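For my numbering, add 27 to where a residue sits in the sequence shown, where the first one is 1. Each residue gets a CB set at the ideal place from its N, CA and C atoms; glycine is no exception. Values in this document were obtained by computation on a predicted structure and should not be read as measured data.
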Amino acid sequence: MDNSIVRVPATCPMCGQEYLVGLELETISDRLATGRSIKLDCNCARHTLTWVANEIERAQIREYTAAVRFFMAEKEQRTRG
Ligand SMILES: [Zn+2]
28 MDNSIVRVPA TCPMCGQEYL VGLELETISD RLATGRSIKL DCNCARHTLT WVANEIERAQ
88 IREYTAAVRF FMAEKEQRTR G
């Protein structure tokens, strides 16, 4: 299968800097579906830490995942058609 990466905006809990986290589409889809926790890695310039996505972040991740899935389905249709 494919290893598409979903880029989700996150905010560093230490300094509040916004950045993008790359998450594997398959992994997070599975975690969203089964209700397991999703870990986010901080990518900001000053901190290195990992935390578990809260409800707000999960909702955001769900939206981005849906958007990527939609985009992929469209692309697939175009290559077939
Ligand atoms: Zn930071």
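C-beta atoms of residue i and residue j nearer than 8 Å
{"i": "Val33", "j": "Val95", "result": "yes"}
{"i": "Thr75", "j": "Lys66", "result": "no"}
{"i": "Glu84", "j": "Ala37", "result": "yes"}
Nearest residue (CA-CA) to residue i, options the options
{"i": "Asp68", "options": "Thr92, Tyr46, Phe98", "result": "Tyr46"}
{"i": "Ala80", "options": "Glu51, Thr92, Ser64", "result": "Ser64"}
{"i": "Glu51", "options": "Ser31, Gly62, Phe98", "result": "Ser31"}
Original post:
Can you find at least 3 beta carbon pairs, one from the region 40-50 and one from the region 97-105, that sit closer than 8 Å?
Top reply: no
Original post:
Taking the runs of the beta strand (DSSP E) that are 3 residues or longer, which of them lie wholly in the region 37-100?
Top reply: Considered as a whole, the region 37-100 harbours 45-51, 66-68, 77-79 as its complete beta strand (DSSP E) runs of no fewer than 3 residues, in chain order.
**OP:** Evaluate contact between the region 51-60 and the region 87-101, counting only Cβ atoms and requiring at least three cross-stretch pairs below 8 Å.
**Re:** yes
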